[in-house]
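Novice:
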Amino acid sequence: HQMRGQDFVFNLKNEYPAREQVMQYGEDDLTFVSRLLSEVGIWFRFATDARLKIEVVEFYDDQSGYERGLTLPLRHPSGLFDGETEAVWGLNSAYSVVEKSVSTRDYNYREATAEMTTGQHDATGGDNTTYGEAYHYADNFLQKGDKEAAESGAFYARIRHERYLNEQAILQGQSTSSLLMPGLEIKVQGDDAPAVFRKGVLITGVTASAARDRSYELTFTAIPYSERYGYRPALIPCPVMAGTLPARVTSTVKNDIYAHIDKDGRYRVNLDFDRDTWKPGYESLWVRQSRPYAGDTYGLHLPLLAGTEVSIAFEEGNPDRPYIAGVKHDSAHTDHVTIQNYKRNVLRTPANNKIRLDDERGKEHIKVSTEYGGKSQLNLGHLVDAGKQQRGEGFELRTDLWGTVRAKKGIFISSDAQDKAQGKVREMAPAMAILDGAQSQMKSLSTDAQTANADPADLSSQIALLQQSVKDLTQAAILLSAPKGVAIASGEHLQLAASKNLIANAGNHADIGVVKNMFIGVGQALSVFVRKAGIKLFANKGAISVQAQNDLMELLAQKSIEITSTEDEIKITAKKKITLNGGGSYIRLDACGIEAGTPGEYNVKAGYYGRKPKAKLTPELMAFPVIKSEDFNQSFILLDENTGQPLINWPYELELESGLKMSGITDENGNTELISSDKEEVVNISVFEPDEFLDDEIN
Numbered sequence: 001h002q003m004r005g006q007d008f009v010f011n012l013k014n015e016y017p018a019r020e021q022v023m024q025y026g027e028d029d030l031t032f033v034s035r036l037l038s039e040v041g042i043w044f045r046f047a048t049d050a051r052l053k054i055e056v057v058e059f060y061d062d063q064s065g066y067e068r069g070l071t072l073p074l075r076h077p078s079g080l081f082d083g084e085t086e087a088v089w090g091l092n093s094a095y096s097v098v099e100k101s102v103s104t105r106d107y108n109y110r111e112a113t114a115e116m117t118t119g120q121h122d123a124t125g126g127d128n129t130t131y132g133e134a135y136h137y138a139d140n141f142l143q144k145g146d147k148e149a150a151e152s153g154a155f156y157a158r159i160r161h162e163r164y165l166n167e168q169a170i171l172q173g174q175s176t177s178s179l180l181m182p183g184l185e186i187k188v189q190g191d192d193a194p195a196v197f198r199k200g201v202l203i204t205g206v207t208a209s210a211a212r213d214r215s216y217e218l219t220f221t222a223i224p225y226s227e228r229y230g231y232r233p234a235l236i237p238c239p240v241m242a243g244t245l246p247a248r249v250t251s252t253v254k255n256d257i258y259a260h261i262d263k264d265g266r267y268r269v270n271l272d273f274d275r276d277t278w279k280p281g282y283e284s285l286w287v288r289q290s291r292p293y294a295g296d297t298y299g300l301h302l303p304l305l306a307g308t309e310v311s312i313a314f315e316e317g318n319p320d321r322p323y324i325a326g327v328k329h330d331s332a333h334t335d336h337v338t339i340q341n342y343k344r345n346v347l348r349t350p351a352n353n354k355i356r357l358d359d360e361r362g363k364e365h366i367k368v369s370t371e372y373g374g375k376s377q378l379n380l381g382h383l384v385d386a387g388k389q390q391r392g393e394g395f396e397l398r399t400d401l402w403g404t405v406r407a408k409k410g411i412f413i414s415s416d417a418q419d420k421a422q423g424k425v426r427e428m429a430p431a432m433a434i435l436d437g438a439q440s441q442m443k444s445l446s447t448d449a450q451t452a453n454a455d456p457a458d459l460s461s462q463i464a465l466l467q468q469s470v471k472d473l474t475q476a477a478i479l480l481s482a483p484k485g486v487a488i489a490s491g492e493h494l495q496l497a498a499s500k501n502l503i504a505n506a507g508n509h510a511d512i513g514v515v516k517n518m519f520i521g522v523g524q525a526l527s528v529f530v531r532k533a534g535i536k537l538f539a540n541k542g543a544i545s546v547q548a549q550n551d552l553m554e555l556l557a558q559k560s561i562e563i564t565s566t567e568d569e570i571k572i573t574a575k576k577k578i579t580l581n582g583g584g585s586y587i588r589l590d591a592c593g594i595e596a597g598t599p600g601e602y603n604v605k606a607g608y609y610g611r612k613p614k615a616k617l618t619p620e621l622m623a624f625p626v627i628k629s630e631d632f633n634q635s636f637i638l639l640d641e642n643t644g645q646p647l648i649n650w651p652y653e654l655e656l657e658s659g660l661k662m663s664g665i666t667d668e669n670g671n672t673e674l675i676s677s678d679k680e681e682v683v684n685i686s687v688f689e690p691d692e693f694l695d696d697e698i699n
């Protein structure tokens, strides 16, 4: 409009805060500006600047802008002659009962719990000719405030009540004075003048007319002058935004691969109808997005990238209160579900993280996947490849990286049938039946072994494992069950370890095959018991060595014992004595001589029998190694010194006087591992914070 800064004069009492957004839509410029001014009670008039000799627009928001001092008589002109005296005539007034008070309320999501209801505001200070209350919601203010705080709730309540009071008395008249203009206070002289005109009225509008056959006349409207409240222009309603407008999400970063949002998860958008050029990422205020689910730090929020088309709706239809009502695909951002895959329901992120639910009847499946490190997936149901060809069924959990399955209270893995998920999640009756049967078999064998003077099995530990840990996973245990077999294969090593007992049961055969060497180490006793078919120990090549290095060896048989060397000799050597006894007859050999005795005949048969001088064959006996016995064994329970509760899963280090150190982590009861020594020693225990221990381990 080619208007310059000197064309405007602002004489405002209040300081008005910058608004987040002001949008003009469907309005001409004058209506748009007038609407903004009317919302906050600013009025304007045209005047002449004598210094610049130009016409200017003056803006005011209180009584300080009124022109005062003009008094005119009440006199009707006679025809075309008025005696060159400016006067007023044709005075009339109309009165209405207006609201006694106004209260306002709004909602500010930025401070959702703030009280936004103002009290009843009365700008008259107690005028008894007013009646009732006007309640206004959504005047678009951000704080309750007070009547002096511009654009607060109380401020709008005051402005609205003043606007109502402007309608209480509407005054009209005619005049020949060319000085009348909006914002001028005049008083009318004359006994016949109504009292309200004699006290003073404020001109709010003028209409001038003149013709060849008529003198200059001016028709004016006015309101009673008041020091308590001022003139407020009639509120011009803002456009009601029906439906939605297309827009695109923006970002300050070109080709941004992530969402440009603020601390409250809001976006900036570029409305399609906007022809102005803005700095990228600053095309609008921060705009909220309407979502199907939201709450206190929970909800459903899928971040929108720059360029995404959105539909902008407006709260209360107010153009200055936009929000994202929906998100749309377009030709530049095509839909990932089309006629090509219309049977699928797909949630896919820009980085190709995906949840896919395929509803094709008879081929239903679910896929959850991420691209990191190659691909990690959970596939359920009818499993297909990229070409939609079946590659399996059931479920698959796979990754190109590492995999971990962890459960604090226990894990149950089973291939026992439970059709249509009809049953308890931890239903383990088939598995427990097998374990209970194995326990019964072990008990029977152990009883027979004890009868045969062999060491029995530690049945109490097996019972405790099944009843106190495995059954219903009452403690942190893992149960693996399959009705038709379990196989474990390793390309290199396979290790089974138990800090306490290792238990294995087989209802039929137990086969162990080792291509090279096999080592069995036992800390205390080895008891092997066979109930029926005996023991066979064969070495096709290499020697068999059986030693009792620091104690006796017994070979006992109910029937015969055979010792045979098919190609060489048999040597029986004793450092002190050998006694052979058969049916009471005996031969005793020791360093002092040979003694033979029998209760019956003693026959010697030989092809040649001779006597020679004495001789001695000293045996070469090996020296057996001595392993010190660990007679002192002890574990410890670590307790919190403040609470007295066990330190569970807590790192520690044990150090003996001898310098032996052992570190570990306490179990679910706060116990350390068992530490052993062959003598009584003092043990020093150090306890670490878990993070400190982990850092030391890494370093």
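Oh and the sequence shown: position 572 is 572 in the UniProt record's numbering, straight run, nothing missing.
All C-beta atoms in this analysis are idealised placements derived from N, C-alpha and C, irrespective of residue type, glycine included.
Can we say the segment 143-151 touches the segment 169-178, given the rule of at least three CB pairs closer than 8 angstroms?
Specialist: Judged by Cβ distances under 8 angstroms, the segment 143-151 makes no contact with the segment 169-178, as fewer than three pairs qualify.
Novice: Between the Cα of Glu-133 and the Cα atoms of Phe-624, Asn-140, Tyr-164, Tyr-109, which residue gives the shortest distance?
Specialist: Start at 1 with the first residue of the sequence shown, and residue 133 comes out as number 133. Closest option to Glu-133, Cα to Cα, is Tyr-164.
Novice: Is the distance from the Cβ of Pro-456 to the Cβ of Ser-446 below 8 angstroms?
Specialist: The count along the sequence shown starts at 1 and reaches residue 456 at position 456. The count along the sequence shown starts at 1 and reaches residue 446 at position 446. A contact, by the Cβ cut-off of 8 angstroms.
Novice: Rounded to whole angstroms, what's the CA-CA distance from Thr-334 to Ser-290? Just pull it up for me.
Specialist: Here residue 334 refers to the residue found at position 334 when the sequence shown is read from its first residue. Here residue 290 refers to the residue found at position 290 when the sequence shown is read from its first residue. Spanning the two alpha carbons is a distance of roughly 22 angstroms.
Novice: What is the residue span of the alpha helix (DSSP H) that Asn-166 lies within?
Specialist: Taking the first residue of the sequence shown as 1, we reach residue 166 at position 166. Unbroken alpha helix (DSSP H) run through Asn-166: 153-166.
Novice: Please report the Cβ distance between Leu-202 and Tyr-225, rounded to the nearest whole angstrom; I am assuming they are in contact, meaning their Cβ atoms lie under 8 angstroms.
Specialist: Position 202 of the sequence shown holds residue 202. Position 225 of the sequence shown holds residue 225. Yes, they are in contact, since the Cβ atoms of Leu-202 and Tyr-225 sit about 5 angstroms apart, within 8 angstroms.
Novice: From Leu-694 to Asn-649, what distance separates their C-alpha atoms?
Specialist: As a working note, residue 694 is residue 694 in the sequence shown. As a working note, residue 649 is residue 649 in the sequence shown. Note that Leu-694 scores a pLDDT of 49, beneath 50, so its modelled location is shaky; the value from the coordinates is reported in the next line. About 13 angstroms.
Novice: Considering Gln-6, what are the terminal residues of the alpha helix (DSSP H) in which it resides?
Specialist: Here residue 6 refers to the residue found at position 6 when the sequence shown is read from its first residue. Counting along the chain, Gln-6 falls outside any alpha helix (DSSP H), and DSSP gives it neither H nor E.
Novice: Return the chain-ordered list of same chain residues with a C-beta closer than 7 angstroms to the C-beta of His-509, the five sequence neighbours on each side being excluded.
Specialist: By one-based count along the sequence shown, residue 509 stands at place 509. So no residue of the chain qualifies.
Novice: Going straight from the alpha carbon of residue 709 to that of Ala-247, what length do you get?
Specialist: In this structure the chain extends from 1 to 699, so residue 709 is not present and cannot be described.
Novice: Asp-213 to Pro-77, Cα distance in whole Å?
Specialist: Residue 213 sits at position 213 when you count from the first residue of the sequence shown. Residue 77 sits at position 77 when you count from the first residue of the sequence shown. Taking the straight line from one Cα to the other gives about 14 angstroms.
Novice: Would Leu-465 and Lys-443 qualify as a contact pair, given that the criterion is a beta-carbon distance under 8 angstroms?
Specialist: Here residue 465 refers to the residue found at position 465 when the sequence shown is read from its first residue. Here residue 443 refers to the residue found at position 443 when the sequence shown is read from its first residue. No. Outside cutoff.
Novice: Asn-140 to Glu-115, Cα distance in whole Å?
Specialist: Here residue 140 refers to the residue found at position 140 of the sequence shown. Here residue 115 refers to the residue found at position 115 of the sequence shown. C-alpha separation (whole angstroms): 14 angstroms.
Novice: Can you check DSSP and say which residues form a bridge with Gln-189?
Specialist: As a first step, residue 189 must be located in the sequence shown, where it is residue number 189. Answer by DSSP bridge pairing, in chain order: Pro-73.
Novice: Between the segment 181-190 and the segment 12-30, do three or more beta carbon pairs fall short of 8 angstroms?
Specialist: At 8 angstroms Cβ cutoff, the stretches do not touch.
Novice: Where do the ends of the alpha helix (DSSP H) carrying Arg-198 lie?
Specialist: The residue you call residue 198 lines up with position 198 of the sequence shown. Segment 195-199, the alpha helix (DSSP H) holding Arg-198.
Novice: In chain order, what residues of the same chain have a beta carbon less than 8 angstroms from the beta carbon of Val-22, not counting five sequence neighbours either side?
Specialist: Position 22 of the sequence shown holds residue 22. Answer for Val-22: Leu-36, Asp-320, listed in chain order.
Novice: Do Leu-445 and the ligand NAP come close, with the Cβ less than 7 angstroms from some heavy atom?
Specialist: For the structure depicted, the ligand NAP is absent and the ligand set is empty, with no information on it obtainable.
Novice: Does DSSP put Val-287 in a helix, in a strand, or in coil?
Specialist: Along the sequence shown, one-based indexing puts residue 287 at 287. It is a strand residue.
Novice: My output table needs one value for Asp-122: the three-state DSSP class, helix, strand or coil.
Specialist: Start at 1 with the first residue of the sequence shown, and residue 122 comes out as number 122. Correct three-state label for Asp-122: coil.
Novice: Looking at the strands, I want to know which residues DSSP matches up with Met-662.
Specialist: Start at 1 with the first residue of the sequence shown, and residue 662 comes out as number 662. Met-662 pairs with Leu-654.
Novice: Give every residue of the same chain whose Cβ lies closer than 8 angstroms to the Cβ of Val-486, excluding the five residues on either side of it in the sequence, and list them in chain order.
Specialist: Locating residue 486 in the sequence shown gives position 486, where the first residue counts as 1. Within the same chain, Val-486 has close Cβ partners Leu-480.
Novice: Just to confirm the assignment, what range does the alpha helix (DSSP H) spanning Phe-519 have?
Specialist: Translated into the one-based positions of the sequence shown, residue 519 becomes position 519. Here Phe-519 belongs to no alpha helix (DSSP H), and DSSP marks it neither H nor E.
Novice: Alpha carbon to alpha carbon, what distance is there between Arg-105 and Thr-113?
Specialist: If you number the sequence shown from 1, residue 113 lands on position 113. If you number the sequence shown from 1, residue 105 lands on position 105. Looking at the two C-alpha atoms, the distance is approximately 13 angstroms.
Novice: Along the beta strand (DSSP E) that carries Asp-590, what are the first and last residues, could you check?
Specialist: In the sequence shown, residue 590 corresponds to position 590, counting from 1. Segment 585-590, the beta strand (DSSP E) holding Asp-590.
Novice: Is it a yes or a no for the segment 392-403 touching the segment 370-382, going by three-plus beta-carbon pairs under 8 angstroms?
Specialist: They touch, by the three-pair rule.
Novice: Quick one: grab the DSSP three-state call for Gly-65.
Specialist: Counting from one through the sequence shown, the residue named residue 65 turns up at place 65. Note: Gly-65 maps to helix in three-state DSSP.
Novice: Can you find the residues in the same chain that come closer than 6 angstroms, C-beta to C-beta, to Glu-689, ignoring five residues on each side of it along the sequence?
Specialist: Position 689 of the sequence shown holds residue 689. Closer than 6 angstroms at Cβ, skipping near neighbours: no residue.
Novice: Within the same chain, show all residues whose beta-carbon is closer than 8 angstroms to that of Ser-103, passing over the 5 residues directly before and after it, in chain order.
Specialist: Translated into the one-based positions of the sequence shown, residue 103 becomes position 103. Thr-117, Thr-118, Gly-119, Gln-120, His-121, Glu-133, Ala-134, Tyr-135, His-136, Ala-157.
Novice: Give the straight-line distance between the Cα atoms of Glu-283 and Asn-341, rounded to the nearest whole angstrom.
Specialist: In the sequence shown, counting from the first residue as 1, residue 283 sits at position 283. In the sequence shown, counting from the first residue as 1, residue 341 sits at position 341. The straight-line gap from Cα to Cα measures roughly 37 angstroms.
Novice: Going straight from the alpha carbon of Asn-699 to that of Leu-621, what length do you get?
Specialist: Taking the first residue of the sequence shown as position 1, residue 699 is located at position 699. Taking the first residue of the sequence shown as position 1, residue 621 is located at position 621. With a pLDDT of 42 at Asn-699, under the threshold of 50, the predicted position of this residue should be treated as unreliable, and no value is reported.
Novice: Smallest Cα separation from Gln-389: which of His-365, His-260, Arg-611?
Specialist: Translated into positions along the sequence shown, residue 389 becomes position 389. With distances taken between Cα atoms, Gln-389 lies closest to His-365.
Novice: Say whether the segment 589-608 touches the segment 636-656, bearing in mind that this needs 3 or more beta-carbon pairs closer than 8 angstroms, one atom from each stretch.
Specialist: Touching, no, given that fewer than three Cβ pairs across the two stretches are closer than 8 angstroms.
Novice: Roughly how many angstroms lie between the CA atoms of residue 700 and Ser-527, to the nearest whole one?
Specialist: Since the displayed the chain opens at 1 and closes at 699, residue 700 lies outside it and no answer follows.
Novice: Specify, as a first and last residue, the run of the alpha helix (DSSP H) that Ala-438 falls within.
Specialist: Here residue 438 is taken as the residue at index 438 of the sequence shown, counted from 1. Residues 429-451.
Novice: Please state whether DSSP places Gly-317 in a helix, a strand or coil.
Specialist: As a working mapping, residue 317 is identified with position 317 in the sequence shown. Helix.
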